[in-house]
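Take a look at the structure below.
There are 2 protein chains.
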Amino acid sequence: MVQSTALPRNEPGITAVVGILKQRFGERCQTGQAIRNQHGHTTTWIDTQAPDAVLFPTETAEVSEIVSLCAENGVPVIPFGIGSSLEGHVNAPAGGVCLDFSEMNRILAVHGEDLDCVVQPGVTREQLNTYLRDQGLFFPIDPGANASLGGMTATRASGTNAVRYGTMKDNVLALEVVMADGTVIRTAQRARKSSAGYDLTRLMVGSEGTLGVITEITLRLQGIPEAIRSARCSFPSVDAACQAVMATIQYGIPVARIELLDQLSVSAANTYSKLDLPETPLLLLEFHGSEAGVAEQSATFGEIAGEFGGSGFDATSSTEERSRLWQARHDMYWACLGLRPGAKGISTDVCVPISRLAECVVAAQEKATEEGLIAPMVGHVGDGNFHALLLIDMDEPEEIAKAEHYVGWLNDLAISMAGTCTGEHGIGQGKRPYLERELGPATRYMAAVKAALDPENILNPGKILPI
Amino acid sequence: MVQSTALPRNEPGITAVVGILKQRFGERCQTGQAIRNQHGHTTTWIDTQAPDAVLFPTETAEVSEIVSLCAENGVPVIPFGIGSSLEGHVNAPAGGVCLDFSEMNRILAVHGEDLDCVVQPGVTREQLNTYLRDQGLFFPIDPGANASLGGMTATRASGTNAVRYGTMKDNVLALEVVMADGTVIRTAQRARKSSAGYDLTRLMVGSEGTLGVITEITLRLQGIPEAIRSARCSFPSVDAACQAVMATIQYGIPVARIELLDQLSVSAANTYSKLDLPETPLLLLEFHGSEAGVAEQSATFGEIAGEFGGSGFDATSSTEERSRLWQARHDMYWACLGLRPGAKGISTDVCVPISRLAECVVAAQEKATEEGLIAPMVGHVGDGNFHALLLIDMDEPEEIAKAEHYVGWLNDLAISMAGTCTGEHGIGQGKRPYLERELGPATRYMAAVKAALDPENILNPGKILPI
Numbered sequence: 001m002v003q004s005t006a007l008p009r010n011e012p013g014i015t016a017v018v019g020i021l022k023q024r025f026g027e028r029c030q031t032g033q034a035i036r037n038q039h040g041h042t043t044t045w046i047d048t049q050a051p052d053a054v055l056f057p058t059e060t061a062e063v064s065e066i067v068s069l070c071a072e073n074g075v076p077v078i079p080f081g082i083g084s085s086l087e088g089h090v091n092a093p094a095g096g097v098c099l100d101f102s103e104m105n106r107i108l109a110v111h112g113e114d115l116d117c118v119v120q121p122g123v124t125r126e127q128l129n130t131y132l133r134d135q136g137l138f139f140p141i142d143p144g145a146n147a148s149l150g151g152m153t154a155t156r157a158s159g160t161n162a163v164r165y166g167t168m169k170d171n172v173l174a175l176e177v178v179m180a181d182g183t184v185i186r187t188a189q190r191a192r193k194s195s196a197g198y199d200l201t202r203l204m205v206g207s208e209g210t211l212g213v214i215t216e217i218t219l220r221l222q223g224i225p226e227a228i229r230s231a232r233c234s235f236p237s238v239d240a241a242c243q244a245v246m247a248t249i250q251y252g253i254p255v256a257r258i259e260l261l262d263q264l265s266v267s268a269a270n271t272y273s274k275l276d277l278p279e280t281p282l283l284l285l286e287f288h289g290s291e292a293g294v295a296e297q298s299a300t301f302g303e304i305a306g307e308f309g310g311s312g313f314d315a316t317s318s319t320e321e322r323s324r325l326w327q328a329r330h331d332m333y334w335a336c337l338g339l340r341p342g343a344k345g346i347s348t349d350v351c352v353p354i355s356r357l358a359e360c361v362v363a364a365q366e367k368a369t370e371e372g373l374i375a376p377m378v379g380h381v382g383d384g385n386f387h388a389l390l391l392i393d394m395d396e397p398e399e400i401a402k403a404e405h406y407v408g409w410l411n412d413l414a415i416s417m418a419g420t421c422t423g424e425h426g427i428g429q430g431k432r433p434y435l436e437r438e439l440g441p442a443t444r445y446m447a448a449v450k451a452a453l454d455p456e457n458i459l460n461p462g463k464i465l466p467i
Numbered sequence: 001m002v003q004s005t006a007l008p009r010n011e012p013g014i015t016a017v018v019g020i021l022k023q024r025f026g027e028r029c030q031t032g033q034a035i036r037n038q039h040g041h042t043t044t045w046i047d048t049q050a051p052d053a054v055l056f057p058t059e060t061a062e063v064s065e066i067v068s069l070c071a072e073n074g075v076p077v078i079p080f081g082i083g084s085s086l087e088g089h090v091n092a093p094a095g096g097v098c099l100d101f102s103e104m105n106r107i108l109a110v111h112g113e114d115l116d117c118v119v120q121p122g123v124t125r126e127q128l129n130t131y132l133r134d135q136g137l138f139f140p141i142d143p144g145a146n147a148s149l150g151g152m153t154a155t156r157a158s159g160t161n162a163v164r165y166g167t168m169k170d171n172v173l174a175l176e177v178v179m180a181d182g183t184v185i186r187t188a189q190r191a192r193k194s195s196a197g198y199d200l201t202r203l204m205v206g207s208e209g210t211l212g213v214i215t216e217i218t219l220r221l222q223g224i225p226e227a228i229r230s231a232r233c234s235f236p237s238v239d240a241a242c243q244a245v246m247a248t249i250q251y252g253i254p255v256a257r258i259e260l261l262d263q264l265s266v267s268a269a270n271t272y273s274k275l276d277l278p279e280t281p282l283l284l285l286e287f288h289g290s291e292a293g294v295a296e297q298s299a300t301f302g303e304i305a306g307e308f309g310g311s312g313f314d315a316t317s318s319t320e321e322r323s324r325l326w327q328a329r330h331d332m333y334w335a336c337l338g339l340r341p342g343a344k345g346i347s348t349d350v351c352v353p354i355s356r357l358a359e360c361v362v363a364a365q366e367k368a369t370e371e372g373l374i375a376p377m378v379g380h381v382g383d384g385n386f387h388a389l390l391l392i393d394m395d396e397p398e399e400i401a402k403a404e405h406y407v408g409w410l411n412d413l414a415i416s417m418a419g420t421c422t423g424e425h426g427i428g429q430g431k432r433p434y435l436e437r438e439l440g441p442a443t444r445y446m447a448a449v450k451a452a453l454d455p456e457n458i459l460n461p462g463k464i465l466p467i
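First to last, the protein sequences are chains A and B.
Read in order, the letters of the first sequence are residues 1 to 467 in our numbering.
Read in order, the letters of the second sequence are residues 1 to 467 in our numbering.
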């Protein structure tokens, strides 16, 4: 495992706080080693740094009470959704109290006329969409995992639908947040837009629990489209596929999803999902609109794809076929693990301007081959965002080191192409070294904002900023 | 005129700085009273508070130099675009140096494949769109005035297209900003999305020059749609029109514009623009898409409108008719002034959840009638945002007081409906009393961010926050 830097622990403060919390919350304050480890589990190669206690608050007032107590005693507070983040976001390098939001999972209001809803942070994406379905509504952001909406907000998540519906920053209208001193604030009202003061909503979205603890989220919703059509098309090269994507977006086709699978990923999907796709780069698409609209969109895409050497273009409105195709996409992680049984899959993501995407993906493939790494790649290519899944034998320290070096190289490459070291996973612990390389002196002002809002550094310390 | 509070002046600092700047910048440092007054002109009833000098920088390094000098001497810096803001944003209540960006008006790059561009802050909306037209691209945000893109960014502007394309917060990818200490930062790279650290871009968008001086803007662009269709439809009541808007949006019709004119506004437009529209509430719409797409969209809207008592539905793809209709909408300010020759038009805006819009507009109309105020109303109703244009005799202090009271009442009403005291104009000086009523303790944390990034309060002091 890769060691994360431990931070100094405030032992007397932690002891005092945990004692008080155990008395106050009883069974809702857990201190067993297994549950603590589970809450510092990071899903990647970053080693676990367990918190000292795991709390299960049920309402905002309790969160405020816990944060106030921690503030008085200088003890870290780490918010936890379902633990699907990828860069060590939920680790506790200085110990402290983990706030598990699984019991704050109520959908508080759905305003169908306004196309918005209000949820607690522990509500998961699938839970919300199941609840909304009968009202003809859905929440479009889909990062793959059945993540909590609090976690998705905190990491500025996005995923396959972002090319059409944006990321969490575009779909959060307002937040209730417990600040580092325990004060509960609302960052905005429920109006669809506002020019009233600093955009604290967007400042909190993506702040990874380091500026405040999110206790309520007002989200934009969408009407379920009248018609949905899926399509797939194979291309002779990554470059040809990316050219087709650029042309599609420039043409103004409002694709809802446009995903790239490289040759290795297609091969993995064929085996795992029992498909017989040609083993060349593949685009998977989804169109949302009226019946006539999606038919027109997919036909236009088919023509564009043909111009760039696309073959095997196949569009369908059949729910069954659609599900089969997208299930294969969603199962890519497991499918790719099949490429090297026993290996651990380490997912890293970068995002570049779309004009540089083909160059970046191809360079990443070549470098992986050169280094002897197995790294299938899939991408939300409409946004210029792609993931490499490194398949690593965690018993081989040299291989881990090689993979770590590769991730750093890829981040630097993306940054050199006017891109970012993370399109949607966030910084957490894992990408901290790259933030300053990407944004230089801007990080100093991020640190100033952090110091202003959390002067004692109790909110998820050791994340994002190099402190 | 309504008096704005003056703030203490740092006379020795101002004298020193203006002396140095005159020597350094020659003709590009103007201190004549007329030009100074023009740069503190607020377009509303807020009285002019002129800066001590007006500077015309031509590059970022000069801006950094000026801000550094002002920082060393504790002298205010006020950024100025074209001066079309409405809430006293460019006033200089403590004096200081106005930075007029009219000579930083270069379009630095257009990346057609990535659908983005990089501009200096003095570039105006129309200048950019004229430049882009031959490349088949456009920048969609249209606040009415031919505002500078720096000013639009600083006030989080939006306008008629926001229902489809979002506001400035959704269309700025990255900024170059001169911070209060003179440091030049970039808030983000050019990738379409990122989860890398705090969203300084969104923190700067809407900060009205109080957190940093914007010197370069990376904007998202759109392809010019293949087809554009306009439509209009009259309704028996504001409520019926708003019901039709809600149904249209819930149905998922991607309207590009959907504007409400109340009865009084329609009457004004008929006279000014020589139209013969029925004098009842009117919706004006625009659809963007493929030929078949816009035909389908407008037909579906026509059906929905019929269900809510809409009449005189008329859709057209003729460029001439389209221009005539939207020109009338853009001329509403002048048309409304015709309702009371000699009066000054004071524009105020609020934004509420769309389900409360009809109730809010009707209450605002009734209150105006009750108070004897003439206040035609137009709205970007897809967002729940509307403007009341108060026609005031500025020689009648009682009338001004009544109008001021009315604006306060309307802000409070919007806030009580889960709305905001400003959907797109910003806080500036004029709406400062309402920010805290809207967001309560959140404003304390806005003040903390301001203090962290501008500890000496030199950046556009006296705006947004109650300092």
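Even glycine gets a Cβ: it sits at the ideal position worked out from N, Cα and C.
query	result
Short CB-CB distance (under 8 Å) between residue 246(B) and chain A	yes
Cβ pair residue 283(A), residue 238(A) closer than 8 Å	no
Contacts that residue 446(A) makes with chain B (C-beta to C-beta distance below 9 Å)	197, 198 and 200
Under 9 Å by beta carbon: chain B residues contacting residue 42(A)	In chain order: nothing, as chain B lies at least about 16 Å away.
Where the alpha helix (DSSP H) through residue 70(B) begins and ends	60-73
Classification of residue 109(B) by the beta-carbon crowding that lies within 10 angstroms, buried from 16 upward	exposed
Interface residues of the region 400-429 of chain B facing chain A [CB-CB below 9 Å]	414, 415, 417, 418, 419, 420, 421, 422, 423, 424, 425, 426 and 427
Neighbour flag for residue 111(B) against chain A, beta carbons, 8 Å	yes
Near-chain A residues of the region 166-190 of chain B (beta-carbon distance less than 8 Å), N- to C-terminal order	166, 167, 169, 170, 179, 183, 184, 185, 186, 187, 188, 189 and 190
Residue 124(A) - partner residues in DSSP beta bridges	148(A)
Between the CA atoms of residue 164(B) and residue 254(A) - distance to the nearest angstrom	12 Å
Nearest candidate by alpha-carbon position, reference residue 103(A), set 96(A), 382(A) and 119(A)	119(A)
9 Å Cβ cut-off: residues of chain A touching residue 250(B)	112, 113, 115, 136, 137 and 223
Where residue 156(B) meets chain A, residues with beta-carbon distance less than 7 Å	195
Per DSSP, the bridge partner or partners of residue 234(A)	282(A) and 311(A)
Within-8 Å CB hit, residue 441(B) to chain A	yes
is_contact[residue 355(A), chain B] using C-beta, thresh 8 Å	yes
Chain-ordered neighbours of residue 299(B) on chain A, where CB pairs are closer than 7 Å	Those do not exist, as residue 299(B) stays about 10 Å from chain A at its closest Cβ, beyond 7 Å.
Secondary structure of residue 448(B), DSSP reduced to three states	helix
Buried versus exposed, by CB contacts within 10 Å (16 or more), residue 268(A)	buried
Where the beta strand (DSSP E) containing residue 20(A) begins and where it ends	Element bounds for residue 20(A): not the beta strand (DSSP E) but the alpha helix (DSSP H), 11-25.
Chain A contact for residue 207(B) (CB, 8 Å cutoff)	yes
Below-8 Å beta-carbon distance, residue 290(A) vs any chain B residue	yes
In chain order, each beta strand (DSSP E) run of at least 3 residues that lies wholly inside the region 193-272 of chain A	213-220, 227-234 and 257-261
Under 7 Å from the C-beta of residue 384(A): neighbouring residues of chain B	191 and 192
DSSP state of residue 466(B) mapped onto helix, strand, coil	coil
Supposed contact pair residue 167(B) and residue 141(B) - C-beta distance, whole angstroms, cut 8 Å	7 Å
Interface flag, residue 261(B) vs chain A, CB-CB below 8 Å	no
Outcome for residue 12(A) when other beta-carbon atoms lying within 10 angstroms are tallied against a minimum of 16	exposed
Residues near residue 247(A) in its chain [Cβ-Cβ closer than 8 Å; skip 5 each side]	304, 307 and 308
Paired residues, beta bridge with residue 421(A) - DSSP	Looking at the DSSP assignment, residue 421(A) forms no beta bridge with any residue, so it has no partner.
Whole-Å CB distance - residue 273(A) paired with residue 328(A), under 8 Å assumed	4 Å
First and last residue of the uninterrupted beta strand (DSSP E) at residue 332(B)	That residue, residue 332(B), is in no beta strand (DSSP E); its alpha helix (DSSP H) goes 332-337.
Within-8 Å CB hit, residue 149(A) to chain B	no
Neighbouring residues, chain A, relative to residue 226(B) (Cβ below 9 Å)	251 and 252
Under 8 Å between C-beta atoms of residue 143(B) and residue 7(B)	no
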